[in-house]
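Notes follow the structure.
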Amino acid sequence: SSFIAILPLRLTWTKSESLLRRTVARVVANMTSSSPQLPSSSGNGRIAVIRSPFSIGSMLIKALPRDGEPLKARAYAYMMQGDYSRAEQDYRAAFTLVPTDLESLARLGDLYVNQTHDWDKGWAVADQLIKARPDYPYGWMLRADIQQHQPRPGMQDTVEYFEQHFGGKNAQLEKMAVE
C-alpha cells in the first residue's frame with residue numbers, strides 16, 4: 001500500500017513547513033512495503049490530509065518513533081510559532097533519541113541563546129557541544145554570543161580559539177563570527 005499526502009496549497013510556505021515537507025518527502029521516498037504507514041486522517045490507511053506542519057511532524061513522530069528528524073522538524077515549527085517550551089521538549093527528545101546528532105543540540109542552544117535568552121542553559125549546551133566536538137564551530141559561537149550579551153569571563157580566550165581554529169577556513173563562518 002502506498003502513502004499519498006494531500007498537502008494544503010498556499011502561495012507562500014514558511015521555513016518550518018518547508019522543512020517538514022522535505023522530511024515527509026524523504027521518509028516517503030525511503031518507505032518500503034514493510035515500512036510502517038503514516039496514520040491516515042481519512043481512516044483508509046492510504047491517504048492522509050495534512051492540515052498543518054504540526055500534524056505532519058506528529059504523524060511522522062508516531063510512524064517513526066526511532067527517527068529524530070520528525071522531532072527536529074516539529075521543534076522548528078514550534079519555535080517559529082513562538083512555542084519555545086514545546087520546541088525545547090522536541091529538541092531534547094531528538095537529542096536523547098540520537099545523542100550523536102549535534103544538530104539537535106545546536107538548535108536547542110540556539111533556542112536558549114537567541115530566543116529565550118536563558119543564558120545558563122545556553123552555556124551548558126555550548127559546553128556540551130565543545131566537549132563533544134571542539135572542532136565544531138557552533139559551540140564556540142554560542143559561547144561567544146553568551147559572553148557578549150551576558151558578560152562572563154574568558155571572552156578573549158574564546159575569540160582567540162575561534163580565530164585560530166576556524167578563522168580564514170570558511171568565509172561565511174568568518175562573516176558570521178564578525179557580525
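Position 158 of the sequence shown, counting from 1, maps to 158 under the numbering used here, and the rest follow consecutively.
The beta-carbon is built from N, C-alpha and C at its ideal position, and this holds for glycine as well.
- Around Val125, the same chain offers Leu105, Leu108, Gly109, Tyr112 and Leu142 as residues with beta carbons nearer than 7 Å, after the five sequence neighbours per side are excluded.
- Under the three-state reduction of DSSP output, Arg152 falls in the coil class, being neither helix nor strand.
- About 6 Å separates the beta carbons of Arg133 and Leu102, which is inside the 8 Å limit, making them a contact pair.
- Straight-line measurement puts the Cα of Gln128 at about 14 Å from the Cα of Ile146.
- Taking C-beta atoms as the reference points, Arg74 and Asp90 count as a pair closer than 7 Å.
- In this chain, the alpha helix (DSSP H) harbouring Gly122 covers Trp119 to Ala132.
- Classified as buried, Gly68 has 16 or more neighbouring CB atoms from the shown chains inside 10 Å of its CB.
- By the beta-carbon neighbour count (other beta carbons within 10 angstroms, threshold 16), Gly154 is exposed.
- In the DSSP annotation of this structure, Gln81 is not part of any alpha helix (DSSP H), being labelled neither H nor E.
- When the Cα atoms are used, Glu163 and Gly139 turn out to be separated by approximately 14 Å.
- Straight-line spacing of the CA atoms in Phe166 and Gln156 works out to 15 Å.
- Here the C-alpha atom of Tyr78 lies approximately 26 Å from the C-alpha atom of Tyr136.
- In terms of Cβ geometry, Lys72 and Ala94 form a close pair [threshold 7 Å].
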